[in-house]
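Asker:
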Amino acid sequence: MPLNSTPANVQPSPEPYRLDESDDSAAPAPIESGAIQSRYGRTPSRNRRDRRILWGLGGIFVLVLGAWVLWTGLDGASTQIEARDIGHTIIDEHTVSVTFEVALPVNRTASCAVQALNESYSVVGWKIIDLPPSTLYNRSFTEILRTTDLSNTGLIYDCWLT
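Going left to right, the sequence shown walks through residues 1 to 162 as the UniProt record's numbering numbers them.
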């Protein structure tokens with residue numbers, strides 16, 4: 001008998017024998033019954049509901065992001081005021097002189113709080129100063145504060161537009 005011949009009573013296979021198990025006909029078909037699908041939560045109504053929830057959450061995210069962009073981006077035109085300490089001079093036990101610079105919009109009034117601190121950083125003097133409008137953007141001021149105790153520094157605390 002030749003090497004590649006088949007015996008007389010055996011039919012040759014149309015496809016050679018496979019060692020891998022990639023034959024699709026051998027795998028069982030998935031069960032697509034409604035009872036199995038509903039048991040594991042894979043119903044069409046749940047898919048629609050999940051899709052609606054995701055679209056709703058995405059819409060809320062877009063609205064919040066848009067509101068934040070409008071609030072931070074377009075509100076940049078708001079006027080700002082900057083104050084900077086220049087120096088201080090301790091005149092006596094109950095008086096300190098504070099020099100500071102303020103940058104504020106032209107022809108706007110503002111108020112500033114000036115404070116004096118002692119060695120333990122306690123406030124021993126406080127005064128609110130009203131700044132008149134001016135045609136200058138940067139202005140310097142010197143203010144005398146009365147203190148309840150010996151201070152070791154005088155600072156500008158905060159400024160705001162009025």
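Note that the Cβ used here is the ideal one computed from N, Cα and C, for glycine as well.
A quick note: this is a predicted structure, and the numbers were derived from the prediction, not measured.
Could you check which residue in S151, V106, A103 and V114 has the C-alpha nearest to that of Y121?
Answerer: S151
Asker: Taking DSSP as the reference, what is the three-state secondary structure of D149?
Answerer: coil
Asker: Could you check how far apart the C-beta atoms of L161 and A110 are, in whole angstroms? I think they sit under 8 Å.
Answerer: 5 Å
Asker: Would you tell me roughly how many angstroms separate the C-alpha atoms of E101 and L63, rounded to the nearest one?
Answerer: 41 Å
Asker: Measuring only the C-alpha atoms, how far is V106 from T135?
Answerer: 5 Å
Asker: Mind reading off the beta-carbon distance from D149 to V123? Whole number of angstroms is fine, and I expect it under 8 Å.
Answerer: About 10 Å separates the two Cβ atoms, so there is no contact after all.
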